[in-house]
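Residue numbers (the working numbering): 56 to 523.
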């Protein structure tokens, strides 16, 4: 039986979908709703939170709640690819560097880089924590924080992982300079040049960069836009090719944004255990689900399995802090700690101590509750606009978390050429072939919605639609 707040949320959703409440309309305040419906203020607040999390309404500072645009055309997901190709070396990622350079140009509207705008980040809380660390821990702040990293930060990370079901200790964690270094260290710990590594397809292009630098071959396993890794295809691939490791993002993958069910995660774990293949679990978006309940991790579901868990605070607190980590046990953890030392000696000390403070004082959890709704609203708004102004054949992902959208454009569109024309017009997008070692997805682009919604953003999307 649904609770009162769920019933209220469903009723309000129906009014929005049937046009009783229209886009841009200001809704009654929570106290007025509570009084009219005969429920508590807490119930009204919870109902509004559900509507915010699912992209129906947004909260505006000191103004109230407003209905978001929801286009009558149902967003159609990109087509799922069921087949895989033989492993191949990762090459030709030069276009990504042009995209990365464009991310530093303030004159360009950044729709291509998956980097949140500072307006989504708790910059004031971060600033206070950094100042406090420098004032109160001056000697420690000026010293190396040798691997495995700051003990208090590792304790706080272990505590948070424990709350989501992962039984790890501070001793199992190695602090890294972001999640990309975590993935690199994990891969180096379990592979050597020339080895075959299974990755989801489409895959995070930063992972493909790492694999290119390590001389690894990528075996692309198709991912369904909603359900995740196609396990039947993975099972076939593991029987056919000598896979040494798998790198997957079961929770809110980049760029598709799917979240695999616990049943599917268990099936994935059983399959890899059968073949004695380690899983490198990339969970960098795990805290950013639109449902306030954090999804399970493979590491949490199977604490004794051979899983190297990688994540960071780059998508939540701030990318500039460059704080990530790997969680692994025994010889795996020792190898990663050694590789971290020979790679960069240590990660910056002050950010480690500041993040530990933010985790300890509860500010991080409060921030997550707020920002999840913001990202859900941002994704819904951009999706609606894309479906309105892009060609009618356009398909778009319906992510369950994160802040990126995977857009399938009409057949024949060259997304590389589109990206070049867009840069000339002051707009960056990420072309689809970047997300494949084989150069697939030629008519796809990835868009980031983690931007301030203003006239510049709207103009950028209109420009993009015109260039297609």
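All C-beta atoms, glycine included, are put in the ideal place defined by N, C-alpha and C.
Can you round the beta-carbon distance between residue 163 and residue 483 to whole angstroms, since I take them to be within the 8 Å contact cut?
5 Å
Got a sec? Which residues, its chain only, sit under 6 Å from residue 448 by beta carbon, not counting five neighbours each side?
465
In whole angstroms, what is the alpha-carbon distance linking residue 236 and residue 485?
21 Å
Within the same chain, show all residues whose beta-carbon is closer than 6 Å to that of residue 100, passing over the 5 residues directly before and after it, in chain order.
85
With burial defined as no fewer than 16 other Cβ atoms inside 10 Å of the residue's Cβ, what is the status of residue 179: buried or exposed?
exposed
Starting from the C-beta of residue 194, find all residues in its chain whose C-beta is less than 6 Å away, skip the five residues before and the five after it, and write them out in chain order.
none
With a CB to CB cut of under 6 Å and the five nearest residues on each side skipped, what residues in its chain are close to residue 128?
Summary for residue 128: the model assigns pLDDT 43, below 50, so the residue's position carries little reliability; its value from the coordinates is reported in the next sentence. If we look at residue 128 and ignore the five residues flanking it on each side, its Cβ neighbours are 442.
Please name the residue in 380, 450, 61, 174 whose C-alpha comes closest to that of residue 508.
174
Within the segment 329 to 386, ranges of the alpha helix (DSSP H) (whole runs, at least 4 residues)
353 to 356
Could you check what DSSP says for residue 187 in three-state terms: helix, strand or coil?
helix
Identify every residue that forms a DSSP beta bridge with residue 277.
256
Whose C-beta lies closer than 6 Å to the C-beta of residue 189 among residues of the same chain, with five residues either side of it excluded?
196
C-alpha gap between residue 437 and residue 228, whole angstroms
37 Å
Every unbroken alpha helix (DSSP H) inside the segment 207 to 256 [4 residues or more]:
233 to 245
From the DSSP output, read off the bridge partner residues of residue 456.
344
So, at 7 Å on beta carbons, what are the nonlocal neighbours of residue 95 in its own chain, with the 5 sequence-adjacent residues on each side left out?
89
Alpha carbon to alpha carbon, how far is residue 440 from residue 506? Give it in angstroms, no decimals.
14 Å
Count the other C-beta atoms from every protein chain shown that fall within 10 angstroms of the C-beta of residue 352, then say buried if there are 16 or more, exposed otherwise.
buried
Which two residues bound the contiguous alpha helix (DSSP H) that contains residue 299?
Residue 299 -> not in any alpha helix (DSSP H); beta strand (DSSP E) instead, spanning 298 to 303.
In terms of residue numbering, what span does the alpha helix (DSSP H) encompassing residue 291 cover?
286 to 295
Report buried or exposed for residue 211, applying the criterion of at least 16 other Cβ atoms within 10 angstroms of its Cβ.
buried
Can you find the residues in the same chain that come closer than 6 Å, C-beta to C-beta, to residue 384, ignoring five residues on each side of it along the sequence?
227
Closest residue to residue 250 among 499, 141, 458, 497 (Cα-Cα distance)
141
Distance, Cα to Cα, residue 272 vs residue 146?
10 Å
Rounded separation between residue 270 and residue 143 - CA only:
10 Å
Just verifying my parser: in three-state terms, what is the DSSP assignment at residue 93?
coil
So, with DSSP's three-state summary, where would you put residue 483?
strand
Exposed or buried, which one is residue 370 when buried takes at least 16 other CB atoms within 10 Å?
buried
Spell out a yes or no on whether the segment 341 to 351 and the segment 100 to 117 are touching, meaning 3 or more CB-CB pairs, one atom from each, closer than 8 Å.
yes
Find the nearest neighbour of residue 450 within the set 405, 498, 233, 515, judged by alpha-carbon distance.
498
Start and end of the beta strand (DSSP E) containing residue 119?
119 to 122
Who pairs with residue 143 in a beta bridge, going by DSSP?
273
State buried or exposed for residue 337, treating a residue as buried only when at least 16 other CB atoms are found within 10 Å of its CB.
buried
Run of the alpha helix (DSSP H) containing residue 513, from where it starts to where it stops
510 to 522
Helix, strand or coil: which one does DSSP assign to residue 463?
strand
Under 9 Å between C-beta atoms of residue 321 and residue 356
yes
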